Each structure stands twice: as structure tokens, then as C-alpha cells.
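Protein chains in written order, with the numbering used here: chain R, 22 to 482; chain C, 22 to 482.
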């Protein structure tokens, strides 16, 4: 009986063994770089290079054909030229491999629809499922499988699925530089077989994945995708870029993937209905995913801003209000609860502790916000003069944050002056963002998620 | 006769000697950190610490009072407690110093209007002009004067003036991390004397400054500022954040600086009239300034996008169109001129050279764009797979760019995979931005600048 797409994706992403068909000992060749990434990445299972012309590649015994591999093979990574893919797939079928990832390009994306149809037929006849073709491969950081030519990013709880391999690669490099980790990476390219909906269904059941981030240009089967997204959103946040928003961008997407990207408004409506949180840019996508992966959804949109400097908090207020979030003043009662603060501090919102802010003040004000029913989210901002150590304040914020039942995020803006403090914060699950706009967008995602969850709860009751 | 504010600012920023009043040998004190920054920054003129209780500070002879310094003093950096500032200013007046920067806080920003009025009176009586109080100091990278407690950023051609010292510090740290340099930094705080207009008038005549970037919360003298900005814009681009845009942000600004920030729409209109290019965020501010500092203004808004990967170029198209820029298809004639490209490439716009792009193709396509009258700006995008060296393509782009009479910017997105290529590009004045949105915003600034210049030329004729 044919395995479900979920089982097949499990074979591909959690394989007991991996083969690279088209492996090469020649540096710069895709079949070399992917094999090297798998070996150097630390994947612990058996690795089988397949290449009829080589005996050993990267000190591993190479096989003339997948048929010659003496053991069972779960994941097959295919990097041979496009005209050889059909034959390779046929052999994979006979070998009864678990699933195939076709990196090779040269199919529907350049008009070779017949060739793509052919490989789908062969795969189907052999009860084999395919990721790709024309993709950048897959990553599972849990078993250290880096079956891709892209950056070896570290582990985290965000799964990233992308239609564009190049965008995926650029995004991974960007995320790695921002010290963001991932659980899974699935570049699905032309998705001639396994598609967006299959991947969503797999990721929603993946224990390592807390948030699903997606880059989408166009959908193969919109209806099925939306059904899967609706189910997924109930369990985990789904954040997605849908590019090709402008008609010009849509034309560009058409010439790029051959797929019509659809009216932008239609997507907006569909995303809203299914609970997908829409991102506009790579930074958005990962910032929102980061916030959602380590902070609870928000019960409302009343934001408290705690700062040690006026200017940045003015910008934060602007950025929040622009996203329809609220920055209300505290009640008289709450202001009274803040009378322990020195005269110089502002007890309005933003609550400004001034340059003389102490770690204790940060901690106590956050406790007051945590205990009040006036605010739904706290933002901790901090700008140190060049010679002030910010670690202690970071620790004070992290301490309160770990007991807080409402979301807290940080906007510590000063680049390498706060690197260590940010590590302390993020080590305790307080996500940090380097600018007010990016922070506000992450906060907005927590509010959107909360709104969706409370709406779907009330729909159920 | 009283010196003009421009002459006084010259005394402060290009001094023949500097005194730090309130200098201290105690690490962590502002008077210590600023002195240390001046010494370690490499300022070559005489440096005079002033502190009645110390004999030597950082191996420099210390003086009991500014009156005891045997030589003339140009710039006086004042870091004493607020209640001592009036007396210090009186002594500075008697000493006939060139100008004063008052770092000390505790004036109008916390309601001490009387104390601020007093220091203005004393300064005026002594024909002395003041930057500050409540500011983060000044930097001139040309003479290596870092009279501030903020990051020692490297030289460049962007001048950065900021009302908020903390925002200024955070922005400098951010800019340094992005490898952006500056010409001057002027944190003007409560601007009780020298104000935004004075600073603009100084910077517009500063040879090191090609672009003026400003962070503004509210203006002291709006009319005069706008007149100065109008004059400045004719000679150099002025890019500004005006924060407190929302009514909540405006309330936050009021409680922070005590100044009313004014209606946002009024600012929008005024900025448009005077040619100020409005930024929303720190990244915007520096991205736009960077583009304007090294590329010519654009003659129009028709953008050519050159890429080696579809996905990122679809996002770029979306981002450009969102800012009302155009991404038109090439004419048949121009498509014909691109027939040297392999079949697999897309000769529409974005022009997609695919993953097999060569440096030569990048160069030749850019030459075609440069020579056509169909496009006003070229964007070069590039996403390397992890193992591809991008330096050669960087060199090819930089080569054509140096002969181009229209603007070119780069969007090489892959973080540390393209660090060296980006250095090659930026070394040849092709500014790079890490995401499509940020690139599009920088391109928009070049178009805005061009629109303003052609409008003001036609107003003249």
C-alpha cells in the first residue's frame, strides 16, 4: 500500500539512511557540496554516495547505482542532470527507497512540462513520493541532516518551508546571522508531487516545530492548502510571505515559476480566515516566527513600553500605533503602584526610567505590569551608553519574564554593545529585535495570534 | 562682536584644543568616559581635563578651573552636575572659549526651566554659544574628535544630528555594525541655544558631509528650521525621522522632551516642500543616507532589476511597486540587445540570469541597462549557493557601476556568505542592502531626490 505523504516526508526528513545520487568528488559540483554538507553536518546514519564513475567520494564507498546499495535506503537526494532523473527514479522505485528529494533543475520552471509529467508518472507507478524538483534540499537540525547546499543553520523551533530555493538559501543565511535556529527546512521548488499542504500536515505533527514559516509565490492546490493551513493554525502559528503581491510582482513570479500567483486580496482574505499571519519580508517572517516560538499569544492589544530613554520609546509608540496597537496610559491606581520610582521617571506609558534606570527598577516595573490587568504585552527597551554594562538589567528582565503569564519582548537596540545582554534575554525566551519597527511587527503577530485563537474558540462554543 | 553660530559650531567641531570640565579618573563616570574617548579616539590637539580635586587624569595634567588653563581653549565639554553648570559657563565666558557642549542633564527635560533659562542668559552675556544641555556630545571623524560617551564610529560622508542622545547612541551602534561611517555627529538635546537650523547651516557647508541625516522629535523654531532645510536641500540631501507621528507618540515625546511635536501631516507637507526626505526608522534613515551619499539622484522611477534567482526578485518587484516605483518590461529592441543571454534566462524585468549566471553576463546586462534610455536605476541582486564565491560577480558589477551615469544599488542578501563581495561593491560606491524592502526604500530616496532637484530647477527657470 502506498505510504501517506506524511510517512514519506518522515522517511525523507528522519531517515535511517541517506543516499546522494549524482554525488561527486569534484568541489563546486552540487552533488559534491550536498554530500559534504551531510557528512560535515554530523548526520549519524549510513550515507551512500551514488556515482557510476567513482569508487570513493569524501572517504565513503560509492555505488554505481542505488540498486547496488546493500541495505535499505530511506532518503534519496537526487542531483543528476534532468534527463537522467527519470531513470534514477525508476531505480529508486525498484529499490523501494523511502522518498526522494530532486535538487536537479530543468523541468516545468523552464517549460519542460513533459519531463516533469514523466517523473511524476514514474514516481507514482513506483509508489514513491518526491520533494522538488528544482529545489535547494532539506534540513533537519534534530538529526543533523543537512541535505542541501545552503548554510548549516543551528537548531531552533521554527520550521521554514520555501517555494524558492534561492530565497530559502538567502533567508537561512540571514537567519543564521541573526542567531535564529530552525527545526526543519524544506525547499519544495516545483512541488510536482509533495506540495504545500503535504508539508504543512507533516510539520504540524513535528514535535520540534513550534511555528511554521513559509515563503509562497503561488499555490498548486489552493483549496487543499487552505484546509491544511486551517487545521495547522489551530495547533501552531503559521506565518507566511505570499510574494507576487503587485501585478508586476505577479508577472515576475509567472516568468519565474510558471505558476500564476493569484490576486493579492484573495490571499489576504484566505490567510485571515485560516489564521495564517502574513509577513511582507524575510525579517518580518523570522521576527514574527521568533516571537511566536517563545512567547504566548496575547489576550489583547494594550501594550506597555518600559524604557530608559525617551527617543527610542517615542519611535516605538509610533510604530505600535501604526499597526493599530494601543499604548494606553496607566490608571491612577497603577501610577500609584509605581511611586517607588524616583521623581525623574515618567510613570506614563512609555514608562521612562531615564538613563539612571537600575536593574531593580526594571524588575519591579515589569512585575507591576505583569500583575495588572491593564496591559496585555510588555516591551522592554534599553539603550546603554557605551560604557554601561547591560547584562544585569538583562538578567533582571529575564527573571521576571520567566514568571510572566503575558508576552514580553525586548528592543535592545545598540548592536554589539548589548550582544551579551541579548544572549541572556533570548536564553530565557525573551526575543529581542534591533529596531522599534521590527519589535512592533513581532508584537503585532502575538496579538494577531491571540485574536485568531480566541475567535476560533468562540466559534467552537 | 559675537561669532555666528556657524563659527561657534566650527570652534566646537573643529577645535584647536578641547577641555573636558568635570573630567574624572573614575571609570564609569561620564566625565571619565568622554575624556577617555577623546584620548583613545586619537584627537591630535591639546586636551585639558578640568577637575578641582585631581592632578592628573588619564596621564594628562588636570586644571582646577578652565581659567587656569594656560592656553586658548576652543571646545569645552561640560559634564558637571546641573547646579554647577551656570558657574562653569561664567568661567568659560571669562576665558573666552570657542564654544560649549553641555552633556549634563537636569534642565528643561525634567521641568527645570529656570535653570535652563539661567544658563542661556549667562552664555548670551558672555557671547558664548551652547550645544545641549542633556545631550550625548559630538563627533568629528575627520579630526578624530570623539567628544561623546557613544561608540567610536568610523569616517564616512553622512552627518547625523539627533535630538535624542539615547536614540543617537543606539543609531551609531547600529550604523557601526552595518559598517556605515559618518562625517559628523551632533547630539543637540534640549537645544537651549544652538538649534536644528544652526546645525543644518553648519553642516551644509561642511566639505566632509554629503548627506545630512536627522532625528527630530519636535522643533524649537519651525519656520527657521524649514528655511534652513530648504537652503540645505538645494545643496545636499537631507533625510529625517520625525518621530511622535501618532498622537500617542506625540504624547510620549511631550513627556520626554517637554516639546510639542506637532501634527504629523503638517510635517509631511513641510518636509515635501523643503525637499527633506522622510525616514520612518533608523534603518531607513541610514539606508537612504547611504544610497544618497554615494549614488547620483535618479532622473526617473523606472527600475531595472537584475538577478540570478527568481524568488528574491519577485519580492523586490513587490517592494518597489508598493513605493510607487515602476518595474517596466524592456522594449523589443532592448530584449534583442540581450539575445547574447542563454535561452534559460528571462529577458523580462526582473532580468533573471538564473543560478548559472556568470560575472560577464552581469557586466554585459548592466552595460545594456546603462546605455538604454528605458531605465533610470539598476538594482543588482545576487544570491549565491553556499559554495559559490561571489567576489568575481561583485567585481564585474562594480566595474560597470563606476562608469554608469545613472544610479545602481545592490541587494546581495546572503549575510556572511557575501561579506567580501559586498565590501568590493561598497568600496566602489555601490551601496548594498540586505533585504528587498530596505533596497527599495533606498532606491525610492534616490528617486525622491531626483524629483525634488528637477522640480526646483524648473521653479528657477
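Yeah, the Cβ is synthetic: ideal placement off N, Cα and C, and Gly gets one too.
Remember, it's a predicted structure, so these values are computed and weren't measured experimentally.
- Task: Give the secondary structure of residue 82(C) by DSSP, where H, G and I count as helix, E and B as strand, and everything else as coil.
- Result: strand
- Message: I need the straight-line Cα distance from residue 288(C) to residue 302(C), nearest angstrom please.
- Response: 16 Å
- Item | Beta-carbon neighbours of residue 236(R), restricted to chain C and to distances below 8 Å | 332
- Within 10 angstroms of its Cβ, does residue 471(C) collect 16 or more other Cβ (buried), or is it exposed? buried
- Task: Check distances from the C-beta atoms of the stretch 313–342 of chain C to those of chain R and list, in chain order, the residues that come in under 9 Å.
- Result: 326, 328, 329, 330, 331, 332, 333, 334, 335, 336, 337, 338, 339, 340, 341 and 342
- Any beta-carbon of chain A closer than 8 Å to the one on residue 456(C)? Among the protein chains in the structure shown, which are R and C, there is no chain A.
- Based on Cα-Cα distance, which residue from 50(R), 47(R) and 93(R) lies nearest to residue 36(R)? 93(R)
- Query: Should residue 74(C) go down as buried or exposed, given a rule of 16 or more other Cβ atoms within 10 Å for buried?
  - Reply: exposed
- Item | residue 295(C), enclosing beta strand (DSSP E) - first and last residue | From DSSP, residue 295(C) is part of no beta strand (DSSP E) but of the alpha helix (DSSP H) over 285–295.
- Message: When you compare the stretch 169–186 of chain C with the stretch 130–140 of chain C, are there three or more beta-carbon pairs, one atom per stretch, that lie closer than 8 Å?
- Response: no
- Task: For residue 161(C), name the three-state secondary structure that DSSP assigns.
- Result: strand
- Let me know if residue 353(C) comes out buried or exposed under the rule of 16 or more other beta-carbons within 10 Å of its beta-carbon. exposed
- Can you round the beta-carbon distance between residue 186(C) and residue 208(C) to whole angstroms, since I take them to be within the 8 Å contact cut? 5 Å
- Query: In three-state terms, what does DSSP make of residue 304(C)?
  - Reply: helix
- Item | Backbone secondary structure at residue 230(C) - three-state DSSP | coil
- Message: Contact criterion: CB-CB distance below 8 Å. Does residue 304(R) meet it with respect to chain C?
- Response: yes
- Task: Could you spell out where the beta strand (DSSP E) holding residue 182(C) opens and where it closes?
- Result: 176–183
- Message: Considering only DSSP beta bridges, list what residue 342(C) is partnered with.
- Response: Per DSSP, none; premise fails for residue 342(C).
- To the nearest angstrom, report how far apart residue 262(C) and residue 210(C) are at their CA atoms. 15 Å
- Which residues does DSSP pair with residue 373(C) in a beta bridge? 328(C) and 367(C)
- Message: Quick check on DSSP: helix, strand or coil for residue 47(C)?
- Response: coil
- Query: Within 10 angstroms of its Cβ, does residue 434(C) collect 16 or more other Cβ (buried), or is it exposed?
  - Reply: buried
- So, helix, strand or coil for residue 37(C), using DSSP? coil
- Message: Along the stretch 210–236 of chain C, where does the CB come closer than 9 Å to a CB of chain R? Name the residues.
- Response: 236
- Message: Assuming residue 355(C) is part of the alpha helix (DSSP H), what are its boundary residues?
- Response: 353–358
- Query: So with Cβ pairs under 8 Å, would you call residue 190(C) a contact of chain R?
  - Reply: yes
- Query: How is residue 97(C) classed by DSSP in three states: helix, strand or coil?
  - Reply: strand
- Message: Beta carbons nearer than 9 Å to chain C: which residues of the stretch 358–376 of chain R have them?
- Response: 364, 365, 367, 369, 370, 371, 373, 375 and 376
- Decide if residue 296(C) is buried, meaning its Cβ has at least 16 other Cβ atoms within 10 Å, or exposed. buried
- Message: Within 8 Å of any Cβ in chain R, is that where the Cβ of residue 281(C) sits?
- Response: Model confidence at residue 281(C) stands at a pLDDT of 47, short of 50, so the residue's coordinates are unreliable; what they give is reported in the following sentence. It does not: the Cβ of residue 281(C) has no partner Cβ on chain R nearer than 8 Å.
- Take residue 89(R) as the anchor and find which of 324(R), 109(R) and 80(R) has the nearest alpha-carbon. 109(R)
- Is it the case that the Cβ atoms of residue 445(R) and residue 412(R) are separated by a distance below 8 Å? yes
- Query: Can you list, in chain order, the residues of its chain whose CB lies under 6 Å from that of residue 371(R), leaving out five sequence neighbours each side?
  - Reply: 326, 328 and 334
- Task: Answer with yes or no whether the minimum CB distance from residue 187(C) to chain R is below 8 Å.
- Result: yes
- Task: Could you tell me if residue 361(C) is buried or exposed, where buried requires 16 or more neighbouring beta carbons within 10 angstroms of its beta carbon?
- Result: exposed
- Query: residue 398(R) CB to nearest chain C CB: under 8 Å?
  - Reply: no
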